[in-house]
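Working notes, structure below.
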Amino acid sequence: MMVKKITLLGHKDHGKSTLIGNMLILTNRVNPAKLKEAERTSEQLGKRFEPGFILDSFHEEREGGLTIDTTRTEKIPHKDIAFEFIDVPGHEELIKNMMSGASQADIAVLIVSAKADEGIRDQTKRHLFIAKMLGIRKLVVAVNKMDLVAYKEEKFDAIKKHMAKFIENMGFTRGNVYFVPISAYMKDNLVKKSSNMKWYSGRPLIDLLYMNAKEEYTKKANAELRVLLQGFIDHTGTVMAGKIVSGKMRLGDKVRIWPSGFGSSISRIFVKGANVKAAKLGTNVAVALRDKFNSDVRGSVMADDENSPKLRKVVKALIFVTRPTLANMKIKFNNIEIGCNSLKVLKHIDTTTGERKEGNRLKALDAIEADIELERKLPFESYERTEELGRFLLYSRGEFAGIGIVE
């Protein structure tokens, strides 16, 4: 069964943990012991039952009502896909943890509270910008707490109208963005259509996720071959391990390894130790080539001989900055570190509006458009083409300084 990772984004207290907790309950994926513990903790704190306590593992989280670290759920099966939800921190002080969790996802769900005193916050918008920076194309906006606004259609429409314009400004394609009214606590429109919002003609949340996951998989499965190589698994220099992140491979295919440019053809394919004739997207494979390759392949990319990524020493990128100053920079790309000769800031981007301005200033939690010159050429692609070859981490003096995507 295919596994798709879903990250939940949004401001603190807008209901991310509650949503995951009730999704697990509705699909019978909760350990009874965890459920009883959550019920007991809710009672001890003098609160009504809080499904989010199923996830929270820190005492401080339960008393403070916030999520400190990223949390992964049990996989939730739906038809032929299993969804793994990643709950990430929603408050500004823990933005690094949020980025770490979101970077592992395939699809994002942005939670926006319909409650009058909550609504759309700067942090809501910043999380949306980060999702775009991380290469997430598919976005579901879940307008939560509809039970607290009497399930009114006009409240949902007002938030949808406001967010739709902003989301487009952030660079998302309108056809890749979906809105669904929900009540995470009351379980409305999570797994089944809600009778409380008959005016909503769309799908419940889990069906929207399924539809988007299938579309994204089909697109990547039909693209050119890209395999992220991890190293040799023998001493002959012919059998190497990797993961297919785009396209598929077959015996006899002509391939090249980049950045070296070494060319050969596939003589054997192993999946879980067994010989196979072909391997598809998302598969971890061991590949034997007809010719010996004499260099280390760790961090290299195997690609179609005729449709290979371009080698670049200078890349234009959008970078979400977490440090106000940058020096002695390195990037981490495809599990290897490369030094940077220079970074030229072209524009400054406000992550709460998406507005781009001329200037070269750096400000933590904002973004820049920049040209980066590396120590050597690497097989980059735009993140629109291949996320795995169009995304990198930036370090300054050994400390994490930001995350970037290649344009």
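The numbering used here applies: residue 726 is where the sequence shown begins, and numbers increase by one.
Every residue gets a Cβ at the ideal spot worked out from N, C-alpha and C, and that includes glycine.
Best match in the options for proximity to residue i [C-alpha to C-alpha]
i, options, result
"I811", "V902, S1107, S742", "S742"
"I855", "L1114, V1046, I1097", "V1046"
"E1100", "R1037, H960, V964, L954", "R1037"
"A1028", "V980, K918, A909", "V980"
"L1119", "I1130, L835, I884", "I1130"
"P757", "I779, L744, G771", "I779"
"I745", "N869, E1124, V952", "N869"
"I991", "S971, K923, K1017, N937", "K1017"
"K877", "G956, W924, N1032", "W924"
"A833", "V902, R773, M965", "V902"
"R754", "E809, I892, Q955, K886", "E809"
"A938", "G986, M895, F1058, I861", "I861"
"L954", "L1087, N1066, E1113, L1043", "E1113"
"R1086", "S919, I1056, I1044, P776", "I1044"
"D1030", "A999, E949, K863", "E949"
"K885", "M895, G900, E940, A867", "A867"
"Y942", "G998, N1000, T1008, K1002", "T1008"
"C1065", "E893, R1122, R1015, N1000", "R1122"
"K1102", "E1109, I1056, V1070, Y1108", "I1056"
Identified DSSP bridge partners for residue i
i, result
"A999", "V996"
"R975", "A1003"
"I832", "I731"
"R899", "For R899, which the question treats as bridged, DSSP gives no partner whatsoever."
"S989", "V980"
"I801", "F808"
"P776", "For P776, which the question treats as bridged, DSSP gives no partner whatsoever."
"S908", "D913"
"A966", "G956, A1011"
"E1098", "V1039, S1067"
"V837", "V868"
"P1104", "L1036"
"Y1120", "K1055, F1125"
"I1130", "L1043, R1116"
Sequence-distant residues of its chain with Cβ nearer than 7 angstroms to residue i (five each side left out)
i, result
"A1004", "I969, K973, M974, I994, V996, V1010"
"K912", "N747, L751"
"L1068", "L1051, M1054, A1095, I1097"
"S689", "Examination of residue 689 is not possible in this model, given that the chain is present from 726 through 1132 alone."
"T1111", "R951, V970, S971"
Residues of its chain near residue i, where Cβ-Cβ distance is below 6 angstroms and the 5 sequence neighbours each way are ignored
i, result
"I820", "With a pLDDT of only 45 at I820, under 50, the local geometry of the prediction cannot be trusted, and the value read off the model is given with reservation. Same-chain partners within the cutoff: there are none."
"V952", "G967, I969, M1027"
"S908", "M871, D872"
"A1142", "The chain is shown only over 726 to 1132; residue 1142 falls outside these bounds and no answer can be derived."
"M922", "Y876, P906"
"R688", "Examination of residue 688 is not possible in this model, given that the chain is present from 726 through 1132 alone."
"I1074", "R1081, A1092"
"G986", "none"
"K1041", "D1096, E1132"
"V865", "V834, Y903, L933"
"A1013", "T963, V964, S992, R993"
Assigned exposure category for residue i - 16 Cβ within 10 Å defines buried
i, result
"G977", "exposed"
"N1133", "Here the chain comprises residues numbered 726 to 1132, so residue 1133 is not present and cannot be evaluated."
"T961", "exposed"
"K850", "buried"
"G740", "buried"
"G735", "buried"
"N1128", "Correcting the residue type first, residue 1128 is Ile in the shown sequence and not Asn. Result: buried."
"R1116", "buried"
"F897", "buried"
"K890", "exposed"
"K863", "buried"
"H784", "With a pLDDT of only 34 at H784, under 50, the local geometry of the prediction cannot be trusted, and the value read off the model is given with reservation. With fewer than 16 Cβ atoms within 10 Å of its Cβ, H784 is classed as exposed."
"E775", "buried"
"I958", "exposed"
"A1126", "buried"
"E733", "Sequence check: residue 733 is Leu here, not Glu. Buried is the call here."
Spatial neighbours of residue i in its chain, beta-carbon cut-off 8 angstroms, leaving aside the 5 residues before and after
i, result
"K804", "Y935"
"A1089", "V1046, T1047, R1048, P1049"
"A807", "M726, M727, V728, K729, K800, I801"
"K1072", "R1081, K1082, E1083, G1084, I1093, E1094"
"K840", "K870, L873, V874"
"I1061", "R1023, G1024"
"D882", "none"
"K1035", "P1104, F1105, E1106"
"L945", "Per the sequence shown, residue 945 should be read as Lys rather than Leu. Result list for K945: V970, S971, G972, L1006, in chain order."
"E818", "In this prediction, E818 has a pLDDT of 39, which is less than 50 and means its spatial position is unreliable; what the coordinates show is noted afterwards. Excluding sequence neighbours, E818 sits near nothing in its chain."
"E1124", "R1048"
"V916", "M748, L751, T752, P929, L930, I931"
"K759", "I779"
"Y910", "G740, T743, N747, P776, K870, D872"
In the stretch 1011-1095, which residue ranges form an unbroken alpha helix (DSSP H) of at least 4 residues, counting only runs that do not cross its ends? none
What are the start and end residues of each continuous beta strand (DSSP E) run of 3 or more residues lying completely inside the stretch 864-894, in chain order? Fully enclosed beta strand (DSSP E) runs of 3 or longer: 864-869.
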